[in-house]
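A.B. asks:
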Amino acid sequence: MTIGGTDYFFAAQPVGNQAFVLLRPKSVTKSQLTPFVEGLLIATLAGGALAAVAAFILARRIARPVVRVADAARDLARGTHPEPVPIEGAAELATLARAFNDMAVQLSQAREAERNFLLSVSHELKTPLTAIRGYAEALREGAVTAQDAAETVAVEAARLERLVGDLLDLARMNRTDFSVHNSEIDLTEVADDAVRRYQPQADAFGVELSVVAESGPAPALADADRVLQVVSNLVENALRLAPPGGEIRLVTAPGLLRVEDTGPGLKPEEHEHAFERFYLHERYGRERPVGTGLGLAIVKELTQAMGGTVEVDSVAGRLTTFTVRLAVPARQPAATA
Numbered sequence: 536m537t538i539g540g541t542d543y544f545f546a547a548q549p550v551g552n553q554a555f556v557l558l559r560p561k562s563v564t565k566s567q568l569t570p571f572v573e574g575l576l577i578a579t580l581a582g583g584a585l586a587a588v589a590a591f592i593l594a595r596r597i598a599r600p601v602v603r604v605a606d607a608a609r610d611l612a613r614g615t616h617p618e619p620v621p622i623e624g625a626a627e628l629a630t631l632a633r634a635f636n637d638m639a640v641q642l643s644q645a646r647e648a649e650r651n652f653l654l655s656v657s658h659e660l661k662t663p664l665t666a667i668r669g670y671a672e673a674l675r676e677g678a679v680t681a682q683d684a685a686e687t688v689a690v691e692a693a694r695l696e697r698l699v700g701d702l703l704d705l706a707r708m709n710r711t712d713f714s715v716h717n718s719e720i721d722l723t724e725v726a727d728d729a730v731r732r733y734q735p736q737a738d739a740f741g742v743e744l745s746v747v748a749e750s751g752p753a754p755a756l757a758d759a760d761r762v763l764q765v766v767s768n769l770v771e772n773a774l775r776l777a778p779p780g781g782e783i784r785l786v787t788a789p790g791l792l793r794v795e796d797t798g799p800g801l802k803p804e805e806h807e808h809a810f811e812r813f814y815l816h817e818r819y820g821r822e823r824p825v826g827t828g829l830g831l832a833i834v835k836e837l838t839q840a841m842g843g844t845v846e847v848d849s850v851a852g853r854l855t856t857f858t859v860r861l862a863v864p865a866r867q868p869a870a871t872a
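Okay, here's the thing in structure tokens:
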């Protein structure tokens, strides 16, 4: 039959009082392809639109944290301190934000430490230079004798030389070519050498300076010259504060060296800062003209370079103890004190 200009095959079956008729277009491809194509196009367009929306949302979620980190990094490069980057998004993005925040905090602390260090160094350099300039002007005007001016200039020049030497030591320690040559040494001999160096100063200050060998020889694996520098800096630190009639003891044992002084001691909150550059010098360094304020920082750097440790213990008003622990030869037991 023909319906609406389209030819159909049909089959009919009576069903009760009605008829059930099946129709099938005579040409299937011509009559049924269009609905399928239309449906496929609609589904494709809908899927593409949904995929584009999902991709846009996902890209925003990924790009937004990355853009925030990039903007904060640019602020950091310009020298400003950006606000912490929000930790959000996927695990990888959260890890990136957390790492950036940690880096920003550490960089800020490093910049502040560098600023404080430069201010402290400038202050320490300014003091002897001011004295040299003052005596030079006084000598030019005839206010002081040449002998007095020469003595003051010599003392202040020596102080400048020591400060510059300490700065160079610290600079070398931060370089990869700084090396320590460890060998078996006797800490008691090093302590005796340090006492001979500083005995005149101790006598001038009225301070008793002595070596106490708890077990005779005190073997250790370290660099003898560097250990002497460590002990010298610790003795200088003690001489700056030990009162007249006070005592400084250098106690040695296998792998251990303690420098004890009967000075004013340290406050509990100062222990963790004791080895920072100029920290204790700013608080106690005006008592006597000994040291430059860099000694304890050098002590820590050198001790660690030799594979050892250094720590401080103090009872306010009574006793301060700096303890250096170094490796000992295999046949020697390490000290436990």
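Sequential numbering from 536 applies to the sequence shown in the working numbering. Cβ coordinates follow ideal geometry from the N, Cα and C atoms, glycine included.
I need the DSSP call for N623, collapsed to helix, strand or coil.
C.D. replies: Taking the first residue of the sequence shown as 1, we reach residue 623 at position 88. Here the sequence assigns Glu to residue 623, which means Asn is not the residue at that position. The answer is coil: DSSP assigns E623 none of H, G, I, E or B.
A.B. asks: Pair every Cβ in the region 769-786 with every Cβ in the region 732-751, then say whether three or more of these pairs are closer than 8 Å.
C.D. replies: Yes, the region 769-786 touches the region 732-751.
A.B. asks: Just to confirm before moving on: does the CB-CB distance between P621 and R633 stay below 8 Å?
C.D. replies: The residue given as residue 621 occupies position 86 in the sequence shown. The residue given as residue 633 occupies position 98 in the sequence shown. No, the Cβ-Cβ distance between P621 and R633 is not below 8 Å.
A.B. asks: Please name the residue in A851, V572, T541 whose C-alpha comes closest to that of G798.
C.D. replies: For the purposes of this step, residue 798 is taken as the residue at position 263 of the sequence shown. The shortest C-alpha separation from G798 is found at A851.
A.B. asks: Less than 8 Å between the C-beta atoms of V859 and L763, yes or no?
C.D. replies: By 1-based counting over the sequence shown, the position of residue 859 is 324. By 1-based counting over the sequence shown, the position of residue 763 is 228. Contact: no.
A.B. asks: With a threshold of 8 Å, are at least 3 pairs of Cβ atoms found where one atom belongs to the region 629-649 and the other to the region 664-679?
C.D. replies: Touching, no.
A.B. asks: With a threshold of 7 Å on Cβ separation, who are the neighbours of P864 within its own chain once the five nearest residues in sequence on each side are excluded?
C.D. replies: Numbered from its first residue, the sequence shown carries residue 864 at position 329. Counting only Cβ-Cβ distances below 7 Å, and skipping sequence neighbours, we find E719, P754, L756.
A.B. asks: Ordered along the chain, which non-local residues of its own chain (more than five positions away) have a Cβ less than 7 Å from that of T844?
C.D. replies: Taking the first residue of the sequence shown as position 1, residue 844 is located at position 309. Correct list, in chain order: T838, R860.
A.B. asks: Taking only the alpha-carbon atoms, compute the straight-line gap between L631 and D610 and give it to the nearest angstrom.
C.D. replies: Here residue 631 corresponds to residue number 96 of the sequence shown, with the count starting at 1. Here residue 610 corresponds to residue number 75 of the sequence shown, with the count starting at 1. About 17 Å.
A.B. asks: What separation, rounded to the nearest whole angstrom, lies between the Cα atoms of A788 and A862?
C.D. replies: In the sequence shown, the residue the question calls residue 788 occupies position 253. In the sequence shown, the residue the question calls residue 862 occupies position 327. Those two C-alpha atoms are separated by around 12 Å.
A.B. asks: Using CA coordinates, which residue listed in M841, E795, V746, V786 is at the minimum distance from V715?
C.D. replies: Sequence index remark: in the sequence shown, residue 715 carries index 180 (1-based). Cα-wise, what sits closest to V715 is M841.
A.B. asks: Look up A615 in the DSSP assignment and say whether it is helix, strand or coil.
C.D. replies: Looking up residue 615 in the sequence shown gives position 80. A small correction: the amino acid at residue 615 is Thr; Ala does not occupy that position in the sequence shown. Three-state DSSP puts T615 in coil, outside helix and strand.
A.B. asks: With D542 as the anchor, note down where its beta strand (DSSP E) starts and where it stops.
C.D. replies: Position 7 of the sequence shown, counted from the first residue, corresponds to residue 542. 541-550 is the span of the beta strand (DSSP E), which, as asked, contains D542.
A.B. asks: Pull up the CB-CB distance for V699 and A729, whole angstroms please, since I reckon it's below 8 Å.
C.D. replies: In the sequence shown, the residue the question calls residue 699 occupies position 164. In the sequence shown, the residue the question calls residue 729 occupies position 194. So it is not a contact: roughly 22 Å between Cβ atoms.
A.B. asks: Return the Cβ separation of P617 and A607 in integer angstroms, given the expectation that the two are a contact with Cβ distance under 8 Å.
C.D. replies: Counting from one through the sequence shown, the residue named residue 617 turns up at place 82. Counting from one through the sequence shown, the residue named residue 607 turns up at place 72. Their Cβ separation, rounded to whole angstroms, is 4 Å, which keeps P617 and A607 in contact under 8 Å.
A.B. asks: If you count every other CB in all the chains shown that lies within 10 Å of the CB of S562, and 16 or more means buried, which is it?
C.D. replies: Stepping through the sequence shown from its first residue, residue 562 is reached at position 27. Exposed, because fewer than 16 other Cβ atoms sit within 10 Å of the Cβ of S562.
A.B. asks: Looking at the secondary structure, which residues open and close the alpha helix (DSSP H) in which E724 lies?
C.D. replies: To locate residue 724, count along the sequence shown from 1; it is residue 189. E724 -> alpha helix (DSSP H) spans 722-740.
A.B. asks: What's the C-alpha gap between A689 and E696?
C.D. replies: Along the sequence shown, one-based indexing puts residue 689 at 154. Along the sequence shown, one-based indexing puts residue 696 at 161. Between A689 and E696, the C-alpha separation is close to 10 Å.
A.B. asks: Measure the beta-carbon distance from V725 to A759 and round it to whole angstroms, keeping in mind my assumption that it falls under 8 Å.
C.D. replies: As a first step, residue 725 is located in the sequence shown; it is residue number 190 there, counting from the start. As a first step, residue 759 is located in the sequence shown; it is residue number 224 there, counting from the start. V725 to A759, Cβ: 6 Å. Contact.
A.B. asks: Can you find the residues in the same chain that come closer than 6 Å, C-beta to C-beta, to V679, ignoring five residues on each side of it along the sequence?
C.D. replies: In the sequence shown, residue 679 corresponds to position 144, counting from 1. Within the same chain, V679 has close Cβ partners A673.
A.B. asks: What is the rounded straight-line gap between the Cα of Q644 and the Cα of G614?
C.D. replies: The residue given as residue 644 occupies position 109 in the sequence shown. The residue given as residue 614 occupies position 79 in the sequence shown. C-alpha separation (whole angstroms): 13 Å.
A.B. asks: For R596 and V556, what's the separation of their Cα atoms in angstroms?
C.D. replies: Sequence index remark: in the sequence shown, residue 596 carries index 61 (1-based). Sequence index remark: in the sequence shown, residue 556 carries index 21 (1-based). Going from the Cα of R596 to the Cα of V556 covers about 58 Å.
A.B. asks: Report all residues from its chain with a CB closer than 7 Å to the CB of K878; omit the five preceding and five following residues, and keep chain order.
C.D. replies: No answer is possible for residue 878: it lies beyond the span of the chain, which begins at 536 and ends at 872.
A.B. asks: Output the distance between the C-alpha atoms of V746 and Q682, rounded to the nearest integer angstrom.
C.D. replies: Position 211 of the sequence shown, counted from the first residue, corresponds to residue 746. Position 147 of the sequence shown, counted from the first residue, corresponds to residue 682. Between V746 and Q682, the C-alpha separation is close to 38 Å.
A.B. asks: So, are the CB atoms of N768 and G830 less than 8 Å apart?
C.D. replies: Residue 768 sits at position 233 when you count from the first residue of the sequence shown. Residue 830 sits at position 295 when you count from the first residue of the sequence shown. Against a cut-off of 8 Å, the Cβ pair of G830 and N768 comes out as a contact.
A.B. asks: Report, in whole angstroms, the separation of the C-beta atoms of V847 and L801, which I expect to be a contact under 8 Å.
C.D. replies: Position 312 of the sequence shown, counted from the start, is the residue given in the question as residue 847. Position 266 of the sequence shown, counted from the start, is the residue given in the question as residue 801. At roughly 7 Å, the Cβ-Cβ gap stays under 8 Å, so V847 and L801 are in contact.
A.B. asks: Can you tell me whether DSSP reads S562 as helix, strand or coil?
C.D. replies: Translated into positions along the sequence shown, residue 562 becomes position 27. S562: coil per DSSP, three-state reduction.
A.B. asks: Under DSSP, the beta strand (DSSP E) around A748 begins and ends at which residues?
C.D. replies: Stepping through the sequence shown from its first residue, residue 748 is reached at position 213. Element bounds for A748: 743-748.
A.B. asks: Per the DSSP calculation, S785 is bridged to which residue(s)?
C.D. replies: By 1-based counting over the sequence shown, the position of residue 785 is 250. According to the sequence as given, residue 785 is Leu; it is not Ser. DSSP output for L785 lists V746, V794 as bridge partner(s).
A.B. asks: Looking at C-alpha atoms only, which residue of G582, E627, A639, N772 is the closest neighbour of P527?
C.D. replies: No information on residue 527 is available, as it lies outside the stretch 536 to 872 that the chain covers here.
A.B. asks: In the structure shown, what three-state DSSP assignment does F810 receive?
C.D. replies: Locating residue 810 in the sequence shown gives position 275, where the first residue counts as 1. F810: coil per DSSP, three-state reduction.
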